[in-house]
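A.B. asks:
Numbering (the UniProt record's numbering), first residue to last: 1 to 595.
#1: Please decide whether residue 342 counts as near chain D, where near means a Cβ-Cβ distance under 8 Å.
#2: Can you check which of these residues, 134, 138, 405, 101, is closest to residue 120 by C-alpha distance?
#3: With DSSP as the reference, label residue 507 as helix, strand or coil.
#4: Taking the alpha-carbon positions, what's the residue 488 to residue 222 distance?
#5: Rounded to a whole number of angstroms, what is the C-alpha to C-alpha distance between residue 457 and residue 428?
#6: Quick check: residue 451 and residue 400, are their CB atoms within less than 8 Å of each other?
#7: Could you pull out every residue in the same chain whose Cβ sits closer than 6 Å to the Cβ of residue 352, ignoring the five residues on either side in sequence?
#8: Between the C-alpha atoms of residue 149 and residue 224, what's the straight-line distance to the nearest angstrom?
#9: In whole angstroms, what is the alpha-carbon distance linking residue 304 and residue 558?
#10: State the Cα-Cα distance for the pair residue 81 and residue 123, rounded to the nearest angstrom.
#11: In angstroms with no decimal places, state the Cα-to-Cα distance between residue 109 and residue 103.
#12: Give the DSSP-derived three-state secondary structure of residue 126 in the structure shown.
#13: Comparing C-alpha positions only, which one of 227, 215, 105 sits nearest to residue 490?
#14: When you compare only the Cα positions, how much space is there between residue 118 and residue 134?
#15: Considering residue 480, what are the terminal residues of the beta strand (DSSP E) in which it resides?
#16: If you drop the 5 nearest sequence neighbours on each side, which residues of the same chain put their C-beta closer than 8 Å to that of residue 463?
#17: Where does residue 59 sit, in a helix, a strand or coil, going by DSSP?
#18: Assuming residue 277 contacts residue 270 (C-beta within less than 8 Å), just tell me the rounded distance between them.
#19: Could you work out which residue in 497, 512, 498 is closest to residue 597 when comparing CA atoms only?
#20: Look at residue 323 and residue 302 and say whether their C-beta atoms are less than 8 Å apart.
#21: For residue 381, tell me which candidate among 335, 389, 423 has the shortest Cα-Cα distance.
#22: To the nearest angstrom, report how far apart residue 141 and residue 260 are at their CA atoms.
#23: Hey, how far is the Cα of residue 476 from the Cα of residue 528?
#24: Could you check the C-alpha separation between residue 281 and residue 411 for me, to the nearest Å?
#25: In terms of residues, what are the limits of the beta strand (DSSP E) holding residue 271?
#26: Starting from residue 349 and walking both ways along the alpha helix (DSSP H), at which residues does that stretch end?
#27: Quick one: Cα of residue 425 to Cα of residue 294, how far?
#28: Going by DSSP, what residues sit across from residue 598 in a beta bridge?
#29: Alpha carbon to alpha carbon, how far is residue 93 from residue 406? Give it in angstroms, no decimals.
#30: Am I right that residue 486 and residue 234 are in contact with their C-beta atoms under 8 Å? What's the rounded C-beta distance?
#31: Using the Cβ count rule (16 or more neighbours within 10 Å means buried), how would you classify residue 279?
#32: State the Cα-Cα distance for the pair residue 474 and residue 467, rounded to the nearest angstrom.
#33: Cα-Cα, which of 402, 454, 55, 52 is closest to residue 247?
#34: If you reduce the DSSP assignment to three classes, tell me which class residue 77 lands in.
#35: Around the Cβ of residue 215, are there at least 16 other Cβ atoms within 10 angstroms (buried) or fewer (exposed)?
If you want it as structure tokens, here you go:
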């Protein structure tokens, strides 16, 4: 077993000189918890003037050139620096990088298991992995904490299966009816628009018709066997494949062990990262994602909303019936009213955009009753989540149960939980589930973080919607902001299947979007006040680190307010990381990956 980790030194470690009265290991997140867990370090409340003075004093002492080698590598021995140079040289060779798995298997055959493990410890795994067991990782974390660096424990093991096996797993048990061009109930979206809102929708959709929007949504969120091996064209993100419910249960146990290790190593100052695709059948997430996306499309059609004003739109029961009648649907009013009562979670007499996002608040067996639209021919409600079997309902229930079990355990151990972003065809369901966790666990502290990928065109819209939900329901909004790890795969899939490329057009556009998202999060913090918003700036980009620190200075955000922290992979860009980051320790069984 090997553990590799994301570490993050906090802002005070950027200082050329120590700053009195400010702990270099202070967490960047609020430390108030209502759970019976170990008490986090207390924070003395400061006045706005004191906080601004602290911010200015820190900024004066910062070294943002990242060229102070003594500071950057003070935790390293000479041997570790030589090893890092060797590993860096190997990583610059494209042939070695592209054929790394084949080369590792060859080395294992040549040197045997013991010799191969020794070789890896002295090179790549020695550089990127924090230890072979929990004790070694704890020692690494403790050593780095002396330099102001904290850790995120991240379980990272991939199934050793062939490409063909991966593709077969993606379509395993797939019902032929799921491959229909479009669920019949969605004719209501593709066929008509309320006349009252036609002009608004035309402005919102541009050259795209509602029918095209619905069709593209269906194409994007449908299983395609040729893209079943989600490891292809991805080099920096781990991948889980479904091997049964018992395997998912084992993953829960492993994640809980990661939480224990984080609690032990950091005393309540660290994070654990999880992927929801490890907790259930990925195809279920694709189906949930399409159902949610099509319900959003329906809401846009009925309200005439654009993404910009979607969060402000809502419908009363009478308005819903009226809009459906405008389309020409002879509605079954009793069925519509029964559906409305189920969808109106807060019982305020209106259904808004947020009511359809409460997946964790719905029994899995009743999901198909919530995610329904009226059939334009019959007027009866039909599920968007088409032909959901008893087994699939059970699997959805199991997945949600596993997710809440992990979150419960993380909160009980005073460890924060980061839910990683994944491919776009999973992400809408993942994001809704994570926001449901936030609603439940982030009442006083940012225990659960949702991940936002700046390389996606719709990230800003999603971010604004989620922040408004957190504000509306008064829970702590916590985010991890990344650029993204699936660009090549996402673009190839979009081009092959025939839907709009979801990725930003350039690296520059991605960076600009990243900075806009960071601006929006800090603006939300300014509106809501202390202990309501926090963000992890997960990046290896020096310009983005400088941008974030400058934003803190301009806004007068002091490190002790725990609003912004920084994160990166352990062993990457240490010359940046040892100034201001958490490191991510990846929890891996590397021997299994190199058979």
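A virtual CB, placed ideally from N, CA and C, is assigned to each residue, including glycine. Only a predicted model underlies this, so the values are computations on that prediction, with no experimental measurement involved.
C.D. replies: Per the coordinate set shown:
#1: The question asks about chain D, but that chain is absent: this structure has only one protein chain.
#2: For the purposes of this step, residue 120 is taken as the residue at position 120 of the chain shown. Checking every option, the nearest Cα to that of residue 120 belongs to 101.
#3: Stepping through the chain shown from its first residue, residue 507 is reached at position 507. In this structure, residue 507 counts as helix in the three-state DSSP scheme.
#4: Walking along the chain shown from the start, residue 488 turns up at place 488. Walking along the chain shown from the start, residue 222 turns up at place 222. If I take the Cα positions, the gap works out to 19 Å.
#5: To locate residue 457, count along the chain shown from 1; it is residue 457. To locate residue 428, count along the chain shown from 1; it is residue 428. About 14 Å.
#6: Position 451 of the chain shown, counted from the first residue, corresponds to residue 451. Position 400 of the chain shown, counted from the first residue, corresponds to residue 400. Taking 8 Å as the Cβ cut-off, residue 451 and residue 400 do not qualify as a contacting pair.
#7: Looking up residue 352 in the chain shown gives position 352. Closer than 6 Å at the Cβ level, and outside the excluded window around residue 352, lie 314.
#8: Against the chain shown, residue 149 aligns to sequence position 149. Against the chain shown, residue 224 aligns to sequence position 224. If you take the alpha carbons of residue 149 and residue 224, they lie about 42 Å apart.
#9: The residue labelled residue 304 in the question sits at position 304 within the chain shown. The residue labelled residue 558 in the question sits at position 558 within the chain shown. Roughly 42 Å between the two C-alpha positions.
#10: Residue numbering aside, residue 81 sits at position 81 when the chain shown is read from its first letter. Residue numbering aside, residue 123 sits at position 123 when the chain shown is read from its first letter. Roughly 11 Å between the two C-alpha positions.
#11: The residue given as residue 109 occupies position 109 in the chain shown. The residue given as residue 103 occupies position 103 in the chain shown. If you draw a straight line from the Cα of residue 109 to the Cα of residue 103, it comes to about 10 Å.
#12: Here residue 126 refers to the residue found at position 126 when the chain shown is read from its first residue. In the structure shown, residue 126 sits in a helix (DSSP, three-state: H, G or I).
#13: On the chain shown, residue 490 is found 490 positions in, with the first residue counted as 1. Minimum Cα distance to residue 490 is reached at 227.
#14: Walking along the chain shown from the start, residue 118 turns up at place 118. Walking along the chain shown from the start, residue 134 turns up at place 134. Spanning the two alpha carbons is a distance of roughly 19 Å.
#15: Here residue 480 corresponds to residue number 480 of the chain shown, with the count starting at 1. Taken as a continuous stretch (DSSP letters only), the beta strand (DSSP E) holding residue 480 covers 477 to 482.
#16: Within the chain shown, numbered from 1, the residue matching residue 463 stands at position 463. So the list reads 452, 479, 517, 520, 521, once near-sequence residues are dropped.
#17: Stepping through the chain shown from its first residue, residue 59 is reached at position 59. Of the three classes helix, strand and coil, the one that applies to residue 59 here is helix, per DSSP.
#18: For the purposes of this step, residue 277 is taken as the residue at position 277 of the chain shown. For the purposes of this step, residue 270 is taken as the residue at position 270 of the chain shown. Actually they are not in contact, since the Cβ atoms of residue 277 and residue 270 sit about 23 Å apart, beyond 8 Å.
#19: Lying outside 1 to 595, the shown extent of the chain, residue 597 is not represented and no answer is given.
#20: Here residue 323 corresponds to residue number 323 of the chain shown, with the count starting at 1. Here residue 302 corresponds to residue number 302 of the chain shown, with the count starting at 1. A contact, by the Cβ cut-off of 8 Å.
#21: Counting from one through the chain shown, the residue named residue 381 turns up at place 381. Checking every option, the nearest Cα to that of residue 381 belongs to 335.
#22: Translated into positions along the chain shown, residue 141 becomes position 141. Translated into positions along the chain shown, residue 260 becomes position 260. Each residue's alpha carbon lies about 14 Å from the other.
#23: Your numbering for residue 476 matches position 476 in the chain shown. Your numbering for residue 528 matches position 528 in the chain shown. Taking the straight line from one Cα to the other gives about 10 Å.
#24: Here residue 281 is taken as the residue at index 281 of the chain shown, counted from 1. Here residue 411 is taken as the residue at index 411 of the chain shown, counted from 1. Rounded to whole angstroms, residue 281 to residue 411 spans 25 Å at the Cα level.
#25: In the chain shown, counting from the first residue as 1, residue 271 sits at position 271. Counting along the chain, the beta strand (DSSP E) containing residue 271 begins and ends at 271 to 274.
#26: Within the chain shown, the letter at position 349 stands for residue 349. Premise fails: residue 349 is in no alpha helix (DSSP H) and is neither H nor E.
#27: Here residue 425 corresponds to residue number 425 of the chain shown, with the count starting at 1. Here residue 294 corresponds to residue number 294 of the chain shown, with the count starting at 1. For the pair residue 425 and residue 294, the Cα-to-Cα distance works out to about 13 Å.
#28: Outside the displayed range of the chain (1 to 595) lies residue 598, so it cannot be described from this structure.
#29: On the chain shown, residue 406 is found 406 positions in, with the first residue counted as 1. On the chain shown, residue 93 is found 93 positions in, with the first residue counted as 1. For residue 406 and residue 93, the distance between alpha carbons rounds to 40 Å.
#30: On the chain shown, residue 486 is found 486 positions in, with the first residue counted as 1. On the chain shown, residue 234 is found 234 positions in, with the first residue counted as 1. Right, the Cβ-Cβ distance comes to about 6 Å (below 8 Å), so this counts as a contact.
#31: For this step, residue 279 is matched to residue 279 along the chain shown. Per the 10 Å Cβ criterion, buried.
#32: Numbered from its first residue, the chain shown carries residue 474 at position 474. Numbered from its first residue, the chain shown carries residue 467 at position 467. Here the alpha carbons of residue 467 and residue 474 stand approximately 10 Å from one another.
#33: Here residue 247 refers to the residue found at position 247 of the chain shown. Comparing Cα positions, the closest option is 402.
#34: Here residue 77 refers to the residue found at position 77 of the chain shown. In the structure shown, residue 77 sits in coil (DSSP, three-state: anything other than H, G, I, E or B).
#35: Numbered from 1 along the chain shown, position 215 holds the residue referred to as residue 215. Residue 215 is buried by the Cβ-count criterion.
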